[in-house]
Structure formats: C-alpha cells, structure tokens
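Here the structure is laid out as structure tokens; the discussion comes afterwards.
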Amino acid sequence: MKKTFLTKEQAEAIAREYPTPFYIYDEKGIRENARRVQEAFSWNKGFREYFAVKALPNPAVMQIMKEEGCGFDCASETELILADAVGAKTAEIMFSSNDTPEAEFACANTLGAIINLDDITHIETLRAACEKGGTDASGNRIAPSAFPETICCRYNPGGVFEMANGIMDHPGDSKYGMTKAQLFQAYRRLKELGAKRFGLHAFLASNTVGGDYYPQLAARLFQIAVEIKEQTGIALSFINLSGGVGIPYRPNEQANDILAIGAGVRRQFESILEPTGLQDIAIYTEMGRFMTGPYGALITRVIHEKHIYKEYIGVDACAANLIRPAMYDAYHHITVLGKEEEPADHMYDVVGSLCENNDKFAIDRHLPEIVPGDLLYLHDAGAHSFSMGYNYNGKLWCAELLLKEDGAVSLIRRAQTPNDYFSTLDVLPQFKLTQP
C-alpha cells in the first residue's frame, strides 16, 4: 500500500478553502529527499544537483531546492527567467536545450549559465548569438557578450543502451546529443573559440529502477573523459549524469536507494578516473522526477458515477490536469481518502470530462467502493504532472498548494480563471468575460 502525506480530514479542510482539483506538494518530503541526494554524492567535492525545472516549474518549490543547495537545469528562456527570479546565479544554472533559438543562447550566456550544447552545429549558433546579442521574449534587448569560458557537450552513443537486466532505451532513435567523433571535434572547436572549462553530459534512459543506471552510465562517461584527455588534451571539469533515476509508481515496485547509487558512481570514479589524474572532475546530476515526484499529489473529487458496459467514476480533474496516463499509458496509484483500510473489491475506470476517450486516470482498477463526494488522491504527481497541463476543451489549470513543514498550507499558484484563458486574445481587445 502506498502512503499518502494527507489524511481525508486534512484534504477536506483544504478543499473548503481551495476547491478541487488541486495539486499539493509536501515540503518536508522534498527537503529530506534533497538532503539524501547531497549525502549520496558528498564524496565528490564539486557535486551539484541541478533540479530539472521542467518537472515542477514553481518558484516556491524552486526556492526550497535552492535552500537545499541545488542549482537548476533549464530548457527554455522562461525556465531561465524562473531560475534567475529565485536568485540562482551563473554556474548555479545549467541550460540544456535542443533546437535552440539564438536569442535563448544569448539569454543564457548573459545570465552566466553553463550552456550544454546538444549538437555540434550549435557551436556556431552560440558564437553568433554571443556576437550579436538578441531580443528576449518580452522584447528586451540582450547585449552582445563574450563566448562562454565554461561549456558542456551532450553525448549520444547511438544504438541501444543495455544493462544486465536488458535494454533500457534506444539512444540511436533519440534526437539528442552528438556522436563520439562530433564530440571530440566540438571540444577542439570550443577551445579555439576561447572556452577553458569543459563538461560532458548524457541522458540515455528514463525512470530507471534498480540502482544500476547511474553507475553504468558514469562508467561509460568516465571512459570517454579519459579518451577526450588523450585525444584532445582537454581535462574535463565536470561530468553531468543528467536525470533518469526513477520512482516507484506502482505499490509493488522498490524505491531507488540513492545512497547506494551514489556509492556505485563513486566506485566507478575511483577505478576509472582517479588512476588517470582526473580525480578533480565534479559530478553533476539533473534529476526532476526523483527529487519531487513522490512528494506531490493531485486531489480530485468524485462528481459522477456511470453504469453501462463498465463501471465509471467521474472526477472533477481531467487529462488537462494530469496527462501522463493518457499520453504514456502511465500508472498513477489512487487512494480513496478515508477508505484506505477497506477492501479493493470494485473495479472501475476513473475518468475526466474531456471529449477524448483516453481521458482516463485508471482503467479496470480495483478500488474500494466509491461514491460521489469521495476525494481521490493520485500519487506521485510531483513531477511532469502540473507542468504538462494544457487547455483543451477550455479546461483551466488548477491551483498548486504547498504543505509546509509546520502543517500549514499555502497557495503557491492560484487556479486559472476564464479571464486568464481569454487574456491573450489581443485581436479582440473589447472582449472580457463578465463573471458572476
């Protein structure tokens, strides 16, 4: 059985002030997990976790991460603005994007962010962006700047990424990263342009469990670091293992032991890098799902039941609030708050109200008997959940709340209103919805 960080009584009290559906995040759980990550890699003097902003782009959560020593991995200008807004400076920001516009490179370089180049052709795009500056999304002028002295390159080994327990993913089908030959060529060109500190980055598998992924990825990247030194004379300053450490979405899955994972990376570091004089390389990570995923929940109220060829439970949330089940056929465990001890002897499809038949949070799920008015707690919604929301059918984004360490609840993003939805209709400046 998966545990909740809210009781039914707490959820009902919150819902009286903030109507369902809403997301809520557990500050205590997030902080404790961030500290475990820091402990797991404390053996590496340069270690830094760059929290993946895409997972949960809320300044209140980002501020917690900053207080726990994390930097931020950004993939767009908007995410760069968020990182800057919470006080992250220069090397505390990693800019890992792809198919990147010149203006975004200029913005990242102006902030002093570490730019992680996805493709060898982006070197010249970055050079042009530095020389010309640009205009940001708000129309502000970005002044020309010097080419960055610290730079990173993203590696794609191609083929399949296979471990002892089978094929994990197919890098050869991925749009990200450079080949090994391009990687060496890129470092030489970057050095010509004035770069002085170099990093290596790779992301080869998503949501891995079992603890082997980081150590095996690290071994591959450490070996490449040795080759880079031998062939180019460049000693890397850091290696970024990116994300990919997963969480147990299903009740029977085992959680990753981040302390054991950190120890596994350390063994590879000591056996591959230290004998070659590369013991000063800093290790970076870019986790999102692992950092916040288990510490967020979507709370939704049952509003209908339908009895036709199947038994349906209709809730006031929909795929526009949480798209992962519809998009990936992803599993999110559901707890019927207040009925945790009752037998799961009813089978339901739990659905939302979108005009799409894949708007289902659960299919043929065994749950306790559910009636209208019950509150459902959708687990593991603290990453890649709210941030992937959308407005199909005119559905509006729900509120985000923070359960603070002292038990208080604060609103960290209000629910969207119809006027918010219509606010970008500049072609109809006279249009304004009059709400009751």
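Counting from 0, one number per residue, gives the positions in the sequence shown under numbering that gives the first Met the number 0.
By construction, the Cβ of each residue, glycine as well, lies at the ideal position given by its N, Cα and C atoms.
* Asked: Should TYR389 be labelled buried (16 or more other beta-carbon atoms within 10 Å of its own) or exposed?
  -> exposed
* From the DSSP output, read off the bridge partner residues of LYS305. => TYR311
* Is GLY133 buried or exposed, if buried means 16 or more other CB atoms sit within 10 Å of its CB? -> buried
* **Enclosing alpha helix (DSSP H) for ALA82 [first to last residue]** => 76–84
* **Beta carbon of LEU377 nearer than 7 Å to that of ILE333** => For the pair LEU377 and ILE333, the CB atoms are nearer than the 7 Å cut-off.
* Asked: Among GLY263, ALA319, LYS53, VAL52, which has the Cα closest to the Cα of TYR391?
  -> ALA319
* Asked: Is HIS365 helix, strand or coil when you go by DSSP?
  -> strand
* To do: For chain C, find out if any of its Cβ atoms is closer than 7 Å to the Cβ of GLY276; answer yes or no.
  => Included in the structure is just one protein chain, with no chain C present.
* Hey, could you find the ends of the beta strand (DSSP E) LEU400 is sitting in? => 398–402
* ARG153 and GLY138: beta carbons closer than 7 Å? -> no
* Going by C-alpha distance, which of ASP328, GLN215, ASN155, SER41 is nearest SER270? -> GLN215
* Can you say whether ILE246 is buried or exposed, counting buried as having 16 or more other CB atoms within 10 angstroms of its CB? => buried
* Asked: Assuming ASP373 and VAL335 make a contact with CB atoms under 8 Å, what is their CB distance in whole Å?
  -> 6 Å
* **Euclidean distance between Cα positions of LEU5 and CYS354** => 31 Å
* Asked: Residues in its own chain within less than 6 Å of CYS69 by CB, not counting five upstream and five downstream?
  -> GLU48, PHE50
* Determine the contact status of LEU297 and ALA380, defining contact as a CB-CB distance below 7 Å. => yes
* May I ask you to report which of helix, strand or coil DSSP gives ILE166? => Legend: pLDDT at ILE166 = 40, less than 50; position of this residue unreliable, no value from coordinates given.
* Top-ranked residue by Cα proximity to THR299, from ARG15, LYS7, PRO20, ALA12 -> PRO20
* Which residues bound the alpha helix (DSSP H) around PHE104? -> 101–110
* Asked: Three or more C-beta pairs closer than 8 Å, one from the stretch 272–286 and one from the stretch 224–231: is that the case here?
  -> yes
* **Exposure of ALA254, with buried meaning 16 or more beta-carbon neighbours within 10 Å** => It is exposed - the Cβ of ALA254 has fewer than 16 other Cβ atoms within 10 Å.
* To do: Just the C-alpha distance for GLU123 and ASP363, rounded to the nearest angstrom, thanks.
  => The alpha-carbon atoms of GLU123 and ASP363 are separated by roughly 53 Å.
* Can you give me the Cβ contacts of GLY193 inside the same chain, cut-off strictly under 8 Å, excluding the 5 residues immediately before and after it? => ALA145, PHE146, GLU148
* How many angstroms separate the CA atom of PHE421 from the CA atom of LYS394? -> Rounded to whole angstroms, the gap between the alpha carbons of PHE421 and LYS394 is 12 Å.
* Asked: From VAL370, ALA382, PRO367, PRO324, pick the residue whose C-alpha is nearest to that of LYS359; which is it?
  -> PRO324
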